[in-house]
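Working notes, beginning with the structure itself.
There are 2 protein chains.
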Amino acid sequence: MTVAVVGATGAVGREMVAVLEQRRFPVGELRLLASVRSGGRTLTAFGRDHEIRPAEASSFDGVDVALFSAGSETARVLGPVARDKGALVIDNSSAFRMEPDCPLVVPELNGDDLKGHRGIIANPNCSAILLCMAVAPLHRAAGLERIVACTYQAVSGAGARAMDELRRQEEAERTGQPLEHSVFPKVIAHNVIPWVTGILPDGYSVEESKLRDETRRILGLPHLPLTATCVRVPVFRAHSQAIHAAFLRAISPEDALALYANAPGVRALAEGLPTPREVAGTDDVVVGRVRVDRAFSPGLALWCVMDQLRKGAALNAVQIAERLVRS
Amino acid sequence: MTVAVVGATGAVGREMVAVLEQRRFPVGELRLLASVRSGGRTLTAFGRDHEIRPAEASSFDGVDVALFSAGSETARVLGPVARDKGALVIDNSSAFRMEPDCPLVVPELNGDDLKGHRGIIANPNCSAILLCMAVAPLHRAAGLERIVACTYQAVSGAGARAMDELRRQEEAERTGQPLEHSVFPKVIAHNVIPWVTGILPDGYSVEESKLRDETRRILGLPHLPLTATCVRVPVFRAHSQAIHAAFLRAISPEDALALYANAPGVRALAEGLPTPREVAGTDDVVVGRVRVDRAFSPGLALWCVMDQLRKGAALNAVQIAERLVRS
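Protein sequence lines, in the order shown, are assigned to chains G and H. For what it's worth, numbering that gives the first Met the number 0 labels the leading residue of the first sequence as 0, then goes sequentially. For what it's worth, numbering that gives the first Met the number 0 labels the leading residue of the second sequence as 0, then goes sequentially.
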């Protein structure tokens with residue numbers, strides 16, 4: 000198959016190429032596309048060098064699968080072009096996520112929503128994937144009634160430039176230089192910032208709103224009460240979430256661990272403390288500290304960690320492609 | 000007055016000395032006490048050097064006020080000794096916090112609980128002080144019904160050794176050496192750990208349980224449903240909390256800001272993002288991102304930051320002493 004990766008030089012794009020390789024996706028020709036300024040660079044994949052080409056309409060001639068991770072603007076312009084040229088488009092931006100005729104899919108949870116797609120599939124927000132993977136097995140058994148989620152999000156969620164910003168600030172602090180910031184609205188080194196990509200007029204951040212809206216759509220619970228505080232932390236890779244969930248029917252921590260044992264893509268720990276350092280670079284959502292909630296009855300409290308560049312972005316996109324290619 | 004600081008070489012003890020100085024507490028003689036291994040060192044305070052002496056029973060002869068920050072064991076042994084010698088004991092450990100005849104006090108909130116004390120006053124856990132300072136003004140107006148709190152706690156909450164551990168790990172990472180840990184159960188550099196001093200048999204951490212039990216006691220709400228996830232983050236100083244609170248009566252973000260305007264010790268921001276870097280070294284609890292909660296109705300979501308060495312420990316202890324000395 001001819002596969003295009005759009006935004007191939009970004010943090011998610013590079014991970015998409017790595018996941019395609021690792022999962023032996025049937026790639027005949029690989030086209031690595033990016034903005035004009037990345038043109039001319041090369042990336043090694045599938046055992047050979049690939050030139051990065053500027054993404055434009057003609058880039059998609061003959062493409063079977065196009066994995067987009069180049070932001071909403073590029074997706075809105077080039078996504079329909081690629082689709083009209085016959086490519087299956089899987090887009091990691093928020094451009095199409097809330098469009099009713101565009102499926103928003105976590106394959107383990109709502110893969111059936113892919114049926115009847117019109118050529119463009121939306122890959123959900125990483126925080127929504129983490130939350131849905133953690134609560135869906137419990138919801139099927141006990142019925143979700145309400146969720147409070149607080150996030151601890153790695154800087155790589157804001158791209159490679161954000162990782163550089165954290166590194167530069169730490170170096171500046173160490174050498175007594177002034178700390179500068181441009182990606183984040185405050186210094187992130189040795190700090191936490193309750194701001195993930197902008198604050199909306201109602202006081203919620205863009206991420207907090209995506210987390211609610213996309214979780215409702217993926218779980219098929221359009222009225223689920225769901226509140227969140229999304230916070231950036233000085234971690235390079237892997238997002239964490241503290242989840243406090245109320246259910247309609249009784250569910251114990253032991254029940255939850257038994258349900259997770261049969262949940263693909265989730266690894267639950269009866270003991271131990273999952274942390275981003277250990278989960279970075281791995282595929283599963285890791286759930287720990289499963290306990291009876293003290294504010295909700297019946298309810299459970301969970302601590303969940305996921306590499307947001309893998310299951311939160313690149314891996315989920317490739318899993319969608321695999322599922323569609325198989326069918 | 001003769002004032003003793005027990006644990007004077009620790010992170011909180013040093014801050015206690017600084018706060019006594021800054022607030023011009025009427026100190027005639029200052030006795031800086033610590034463990035035997037700290038003996039012989041000196042600290043400068045009130046314009047002169049003070050020798051650190053080992054804390055023992057005779058240290059408290061003639062002491063008027065004894066500020067303890069030396070752990071529960073020392074407090075249990077020497078607290079009653081100091082009290083019996085006539086000192087007013089204010090203890091920052093958890094030794095006496097849940098004893099019914101020992102007041103647990105945040106002066107702005109329940110200073111009246113000091114009446115009839117028996118010589119030992121407990122200074123609350125820092126996370127409980129932050130949570131109570133943030134929700135008490137709202138509770139008085141609208142009645143708290145339920146709280147979910149997730150914390151982002153600085154390493155200095157675990158003492159000076161924990162700050163050194165973070166610094167050493169960052170240096171090791173930078174120079175390609177192995178990362179070692181002993182204060183925390185995992186590496187804290189570029190990581191977050193959902194563990195604040197131990198996990199109890201019910202799955203909650205010690206901090207999460209203190210946060211619930213002490214908040215209930217300070218607010219006088221012994222049955223308040225309160226759940227928490229307490230997490231250590233690689234920040235040196237100042238704790239943050241995401242608070243999602245349900246109320247019995249209607250309360251809007253505008254109502255909350257008006258209530259905070261009259262709440263001593265709280266500074267609420269109608270706009271802006273409080274972060275630990277900016278709040279470190281200051282006295283107020285800073286509240287931001289006040290918004291209508293999406294899971295609770297009526298409810299509010301808040302983001303709150305406080306220097307836990309100051310209002311969360313040293314400042315609160317000195318404020319208790321000031322109030323008792325005045326009366």
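C-beta atoms are modelled at their ideal positions from N, C-alpha and C, and glycine is treated no differently. Keep in mind it's a predicted model, so treat the numbers as computed, not measured.
(request) State the Cα-Cα distance for the pair Val-205 (chain G) and Gly-158 (chain G), rounded to the nearest angstrom. (result) Their Cα atoms are separated by approximately 16 Å.
(request) Flag Leu-272 (chain G) as yes if its beta-carbon sits less than 8 Å from any beta-carbon of chain H, otherwise no. (result) The beta-carbon of Leu-272 (chain G) is placed less than 8 Å from the nearest beta-carbon of chain H.
(request) Could you tell me which chain H residues have their CB closer than 7 Å to the CB of Arg-290 (chain G), listed as they occur along the chain? (result) Going along chain H in sequence order, the residues near Arg-290 (chain G) (Cβ under 7 Å) are Asp-201, Gly-202 and Tyr-203.
(message) Please identify, using Cβ separations under 7 Å, the residues of the segment 207-238 of chain H that lie next to chain G, in order along the chain.
(response) Identification of residues in the segment 207-238 of chain H having a C-beta nearer than 7 Å to some C-beta of chain G yields Arg-211, Pro-224, Leu-225, Thr-226, Thr-228, Val-230, Val-232, Pro-233, Val-234 and Phe-235, given in sequence order.
(request) State buried or exposed for Asp-111 (chain H), treating a residue as buried only when at least 16 other CB atoms are found within 10 Å of its CB. (result) Counting Cβ neighbours within 10 Å, Asp-111 (chain H) comes out exposed, since fewer than 16 surround it.
(request) With DSSP collapsed to three states, give me the class of Asp-212 (chain G). (result) In the structure shown, Asp-212 (chain G) adopts helical secondary structure according to DSSP, grouped into three states.
(request) Can you pull the chain G residues whose beta carbon is under 8 Å from the beta carbon of Ala-241 (chain H), in chain order? (result) The contacting residues are Cys-149, Pro-193, Thr-228 and Val-230.
(message) Taking DSSP's pairing of strands, which residues face Cys-149 (chain H) in a bridge?
(response) Beta-bridge pairing links Cys-149 (chain H) to H:Thr-228 and H:Ala-241.
(message) If we define contact as Cβ-Cβ less than 8 Å, is Asn-390 (chain G) a contact residue for chain H?
(response) This structure cannot speak to residue 390 (chain G), because chain G is shown only from 0 to 326.
(message) Are the CB atoms of Ile-146 (chain H) and Ala-294 (chain G) within a distance shorter than 8 Å?
(response) Cβ atoms of Ala-294 (chain G) and Ile-146 (chain H): closer than 8 Å.
(request) Quick one: measure Cβ to Cβ for Leu-308 (chain G) and Glu-28 (chain G), integer angstroms, because I've assumed they're closer than 8 Å. (result) Under the criterion of beta carbons closer than 8 Å, Leu-308 (chain G) and Glu-28 (chain G) do not qualify as touching, at roughly 24 Å.
(message) Count Cβ pairs between the segment 206-225 of chain G and the segment 281-291 of chain G that sit closer than 8 Å; are there 3 or more?
(response) No, the segment 206-225 of chain G is not in contact with the segment 281-291 of chain G.
(message) Cβ closer than 7 Å: which chain G residues qualify as neighbours of Pro-297 (chain H)?
(response) Pro-297 (chain H) does not reach chain G, its nearest Cβ partner there being about 13 Å away, counting only Cβ pairs nearer than 7 Å.
(request) Mind checking which residues open and close the alpha helix (DSSP H) that includes Cys-131 (chain H)? (result) Start and end: 125-141.
(message) Please report the distance separating the alpha-carbon of Val-289 (chain H) from that of Thr-214 (chain G).
(response) Distance between the alpha carbons of Val-289 (chain H) and Thr-214 (chain G) is about 23 Å.
(request) Could you name the residues of chain G that Ile-146 (chain H) contacts, counting a contact when the two beta carbons are closer than 9 Å? (result) Neighbours of Ile-146 (chain H) on chain G, chain order: Ala-294.
(request) With a 10 Å radius around its C-beta and 16 neighbouring C-beta atoms as the bar for buried, classify Pro-25 (chain H) as buried or exposed. (result) Residue burial is scored here from C-beta neighbours: Pro-25 (chain H) has fewer than 16 other C-beta atoms within 10 angstroms and is therefore classed as exposed.
(message) Less than 8 Å between CB atoms is the rule here; does Ala-300 (chain H) satisfy it with respect to chain G?
(response) At least one CB of chain G lies nearer than 8 Å to the CB of Ala-300 (chain H).
(message) So, does the segment 241-260 of chain H touch the segment 120-136 of chain H, judging by three or more C-beta pairs under 8 Å?
(response) Counting Cβ pairs under 8 Å, three or more are found: they touch.
(message) If the cut-off is 7 Å on Cβ atoms, which residues from the segment 252-276 of chain H count as contacting chain G, listed in chain order?
(response) Cβ contacts with chain G come from Pro-252, Leu-272, Thr-274, Pro-275 and Arg-276.
(request) Consult DSSP for Arg-322 (chain H) and reduce its assignment to one of helix, strand or coil. (result) Look at Arg-322 (chain H) here: in three-state DSSP terms it is helix.
(request) Could you tell me the boundaries of the alpha helix (DSSP H) in which Arg-166 (chain H) lies? (result) Counted as a single uninterrupted DSSP element, the alpha helix (DSSP H) harbouring Arg-166 (chain H) occupies residues 159-173.
(request) Report the neighbours of Pro-184 (chain H) on chain G: residues whose CB is nearer than 8 Å to its CB, in chain order. (result) Within 8 Å Cβ-Cβ: Leu-272.
(message) Please report the distance separating the alpha-carbon of Ala-54 (chain H) from that of Pro-79 (chain H).
(response) Approximately 13 Å, taken between the alpha carbons.
(request) Identify whether Pro-106 (chain G) lies in helix, strand or coil by the three-state DSSP scheme. (result) Pro-106 (chain G): helix per DSSP, three-state reduction.
(request) Kindly give me the distance between the Cβ atoms of Leu-66 (chain G) and Ile-89 (chain G), rounded to whole angstroms, as I take these residues to be in contact under 8 Å. (result) The Cβ separation is near 5 Å, so the contact holds.
(request) Count the C-beta pairs between the segment 308-320 of chain G and the segment 87-104 of chain G that are closer than 8 Å, then say yes if the count reaches three, no if not. (result) Yes, the segment 308-320 of chain G is in contact with the segment 87-104 of chain G.
(message) Tell me which residues share the same chain as Val-76 (chain G) and place their Cβ nearer than 6 Å to its Cβ, disregarding the 5 neighbours each side in the sequence.
(response) Closer than 6 Å at the Cβ level, and outside the excluded window around Val-76 (chain G), lies no residue.
(message) Within the continuous beta strand (DSSP E) that includes Val-88 (chain H), where are the two ends?
(response) Taken as a continuous stretch (DSSP letters only), the beta strand (DSSP E) holding Val-88 (chain H) covers 87-90.
(request) Verify whether the separation of the beta carbon atoms of Ile-187 (chain G) and Pro-233 (chain G) is less than 8 Å. (result) Their beta carbons are under 8 Å apart, which means Ile-187 (chain G) touches Pro-233 (chain G) by this criterion.
(message) Helix, strand or coil for Arg-290 (chain G)? Go by DSSP, reduced to three states.
(response) In the structure shown, Arg-290 (chain G) sits in a strand (DSSP, three-state: E or B).
(message) Is it buried or exposed, Thr-43 (chain G), if we count other Cβ atoms within 10 angstroms and call 16 or more buried?
(response) By the 10 Å Cβ count, Thr-43 (chain G) comes out exposed.
(message) Once DSSP output is grouped into helix, strand and coil, what is the label at Met-15 (chain G)?
(response) In the structure shown, Met-15 (chain G) sits in a helix (DSSP, three-state: H, G or I).
(request) Note down the Cα distance separating Leu-178 (chain G) from Ala-69 (chain G), rounded to an integer number of angstroms. (result) A direct Cα-Cα distance of roughly 29 Å separates Leu-178 (chain G) from Ala-69 (chain G).
(request) Would you check if the distance between the CB atom of Ala-121 (chain H) and the CB atom of Pro-297 (chain H) is smaller than 8 Å? (result) Not a contact, by the Cβ cut-off of 8 Å.
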